[in-house]
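Take 1 as the starting number for the sequence shown in the UniProt record's numbering and just add one per residue.
Where a beta carbon is used, it is the ideal one built from N, C-alpha and C, also for glycine.
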Amino acid sequence: MRTWAWGPVSGGGGVGDSGERWTQASPVPSHPTHQLFEFDSINTSDAAAKPPGKSYPPYSLADFSWNNITDSLDPATLSATFRGHPNHDPTGAFANGSLAFRVQAFSRSGRPAQPPRLLHTMDTCQLEVALVGASPRGNRSLFGLEVATLGQGPDCPSMQEQHSINDEYTPAIFQLDQLLWGSFPSGFVQWRPVAFSQKQGSRESALPCQVSPLFPTLVYLLPQSPIVRAFFGAQNNCCAFNLTFGDSTGPGYWDQHYLSWSMLLGVGTPPVDALSPLVLGIMAVALGAPGLMLLAGGLFLLLGPKRYSEYQSIN
């Protein structure tokens, strides 16, 4: 079993004055979250517009203060929560709010209780991002994240979309997005393109998640971390992509001032969802019922009672 260590680490070696960094104790890619974006979509009619509305100045996570990790460790669930707010908040947007990163490891294979319920193994961990209680700067603000990938290989990871008819664990979501690193040891990131505007995620509170293509970026543009340099050295390949949550026409952060999104990170081969017994049963009924009806009709015609004509010839 691989050991994973994820969390915010500062440029000076402590917790509380840095950008967000996630590092791991093996040479597979690191995933820094660099900026929190905010857009005002009230005047945007095109839900697919990029950017999806008026852009406000982004929140740089390098300027956030983070809580002490020891206060949020939960051995029972193998989880820890990093909660932060901007050091300089002239508008008071985060006076009663915070941005939280909850990291959870797993001792066995299974699925979390809350959607999107991605299949996990012992070689994976889940990262949940939650924006809670922060005051938006627009009436119908959309939020997004810039995520950077850091690796030793010369190429960016490949981004793939998988589609399935199985939506048992995430209703109405038939897509799985993932990043894959082919170099040894291989790594992956998986997520469903959905976020939630309520703590108890449901279909009614689901928000679409838009992802941009990967684009190269320069290391010096990201907050520096001695832990990242220790694992990956001075020469690194960085790529980034943006995530945007919600649109102007549906539910959003403005409903309850809550937004959450999660992804699965791991080493080796990504877990693959098999068709569940429920879906197999539905398919069997849907495909088998017409065939059974035809078979029953044919048997009835062959074996059923025969009616003879009462006509008698006059000859």
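- Query: Excluding sequence positions up to five away, which residues of its chain have a Cβ less than 8 Å from the Cβ of ALA95?
  - Reply: ASP89 and SER135
- Considering only C-alpha positions, which residue in the set LEU61, ARG102 and ASN87 is nearest to SER79? ARG102
- Query: Thinking just about the alpha-carbon of each residue, which of SER98, MET122 and LEU118 is nearest to the one in ARG108?
  - Reply: MET122
- Assign MET122 to one of three DSSP states: helix, strand, or coil. coil
- Item | Chain-order list of residues whose beta-carbon lies under 6 Å from that of ALA100 (same chain, five-residue window excluded) | THR81, ARG83 and ALA130
- Exposed or buried, ARG192, counting other C-beta atoms within 10 Å across all chains shown (16 or more means buried)? buried
- List the DSSP bridge partners of TYR258. VAL132
- Task: Could you give the DSSP three-state label for LEU299: helix, strand or coil?
- Result: helix
- Message: For THR244 and LEU295, what's the separation of their Cα atoms in angstroms?
- Response: 52 Å
- Query: Which residue or residues does DSSP assign as beta-bridge partners of TYR253?
  - Reply: In DSSP, TYR253 forms no bridge with anything.
- Query: Is it the case that the CB of PRO216 approaches a heavy atom of the ligand FAD more closely than 6 Å?
  - Reply: Among the components modelled here there is no ligand, and therefore nothing to report on the ligand FAD.
- Query: So what does ARG102 bridge to, in DSSP terms?
  - Reply: THR81 and GLU128
- Consult DSSP for ASP71 and reduce its assignment to one of helix, strand or coil. helix
- What did DSSP end up calling PRO216 once you bin it into helix, strand or coil? strand
- Message: Once the 5 residues before and after SER158 are set aside, which same chain residues still bring their CB inside 6 Å of it?
- Response: LEU180
- Task: Let me know if VAL147 comes out buried or exposed under the rule of 16 or more other beta-carbons within 10 Å of its beta-carbon.
- Result: buried
- Look up TYR56 in the DSSP assignment and give the residues it is bridged to. Beta-bridge pairing links TYR56 to no other residue.
- Anyone know if the C-beta pair for CYS156 and LEU73 falls short of 7 Å? no
- Task: Enumerate in chain order the residues of its own chain whose CB-to-CB distance from PRO112 is below 7 Å, with the five nearest sequence positions on each side excluded.
- Result: GLN126
- Message: So, at 6 Å on beta carbons, what are the nonlocal neighbours of GLU204 in its own chain, with the 5 sequence-adjacent residues on each side left out?
- Response: none
- Straight-line Cα distance separating GLY298 from TRP261: 54 Å
- Quick one: measure Cβ to Cβ for GLY266 and GLY187, integer angstroms, because I've assumed they're closer than 8 Å. 7 Å
- Query: Within this structure, are the beta carbons of PRO290 and GLN190 separated by less than 7 Å?
  - Reply: no
- Item | Beta-carbon proximity check, PRO86 vs TYR56, cutoff 7 Å | no
- Just reading off the beta strand (DSSP E) that SER158 is part of, what are its end residues? 158 to 163
- Message: Please state whether the Cβ-Cβ distance between GLY97 and GLY138 is less than 7 Å.
- Response: no
- Task: Starting from MET263, follow its DSSP beta bridges and name the residues at the other end.
- Result: LEU127
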